[in-house]
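See below for the structure under consideration.
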Amino acid sequence: MERLNADNVGKALTVGQVAERTGLAVSAIHFYEAKGLIQSRRSSGNQRRYTRDVLRRLAVIKIAQRTGIPLAEIAQALATLPEERTPNAKDWGRLSAQWREDLDKRIERLTLLRDQLSGCIGCGCLSLSACPLRNPMDELAEEGSGARLVDPD
1 MERLNADNVG KALTVGQVAE RTGLAVSAIH FYEAKGLIQS RRSSGNQRRY TRDVLRRLAV
61 IKIAQRTGIP LAEIAQALAT LPEERTPNAK DWGRLSAQWR EDLDKRIERL TLLRDQLSGC
121 IGCGCLSLSA CPLRNPMDEL AEEGSGARLV DPD
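Take a look at the structure:
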């Protein structure tokens, strides 16, 4: 594999070089490309070639995934960035601000769930009509009898 050095720093990257630089598997890079999160061009030999901005884009993808942001939302956010320009601190600030509110809501829900979970385990009731985890505020009673999907969102 060709190593990056001063002589080839301006050249497009092979998928192997991208994998080496990012620590991602080649299959993961191909997956992100198939999902439209990154782009490549084809060489005259029909091999994928990536511009250097893909390195930062992949870093953004991995950070966003680690925080639980779905790929569809990541794709929407990346679509707002200029093509073939490395995302910069201003871009990251804008993207992270978009995600911050959602993350705060998820943290709040998880904290509430954690706190209610210990109480629920303590009482052991799992009451279908009153349990704050199974049926918060008896929401299901309004929908009539029968099985219902409970999702507070």
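All the letters of the sequence shown, read from the start, carry residue numbers 1 to 153 under the UniProt record's numbering.
Cβ atoms here follow ideal geometry from the backbone N, Cα and C, with glycine treated the same way.
First and last residue of the uninterrupted alpha helix (DSSP H) at residue i
| i | result |
| --- | --- |
| Thr-67 | Note, Thr-67: premise wrong, no alpha helix (DSSP H); not H, not E. |
| Thr-22 | 15 to 22 |
| Glu-83 | Run containing Glu-83: none; DSSP gives neither H nor E here. |
| Ser-44 | Careful: Ser-44 lies outside any alpha helix (DSSP H) and carries neither H nor E. |
| Tyr-32 | 26 to 34 |
Beta-carbon proximity check, residue i vs residue j, cutoff 9 Å
| i | j | result |
| --- | --- | --- |
| Leu-24 | Leu-58 | yes |
| Leu-13 | Thr-51 | yes |
| Thr-22 | Leu-71 | no |
| Arg-48 | Val-15 | yes |
| Gln-39 | Glu-83 | yes |
| Leu-37 | Ala-97 | no |
Option nearest residue i by Cα separation, candidates the options
| i | options | result |
| --- | --- | --- |
| Arg-100 | Leu-112, Glu-83 and Gly-68 | Gly-68 |
| Ile-61 | Ala-79, Ile-107, Leu-110 and Thr-111 | Ala-79 |
| Tyr-32 | Asn-46, Lys-11, Ser-44 and Gln-65 | Gln-65 |
Residues of its chain near residue i, where Cβ-Cβ distance is below 6 Å and the 5 sequence neighbours each way are ignored
| i | result |
| --- | --- |
| Thr-86 | Asp-53 and Arg-56 |
| Pro-26 | Pro is not the amino acid found at residue 26; the sequence shown has Val there. Counting only Cβ-Cβ distances below 6 Å, and skipping sequence neighbours, we find Val-15 and Ala-19. |
Proximal residues to residue i (C-beta, below 7 Å), its chain only, five neighbours per side dropped
| i | result |
| --- | --- |
| Ile-29 | Val-15, Val-18 and Ala-19 |
| Asp-91 | Leu-81 |
| Glu-73 | none |
| Leu-4 | Residue confidence is low: Leu-4 scores 45 on pLDDT, short of 50, so the model does not pin down where it sits. Its coordinate-derived value is still stated next. Closer than 7 Å at Cβ, skipping near neighbours: Gln-17. |
CB contact below 9 Å: residue i versus chain C
| i | result |
| --- | --- |
| Gly-23 | Of the protein chains in the structure, only one exists, and it is not chain C. |
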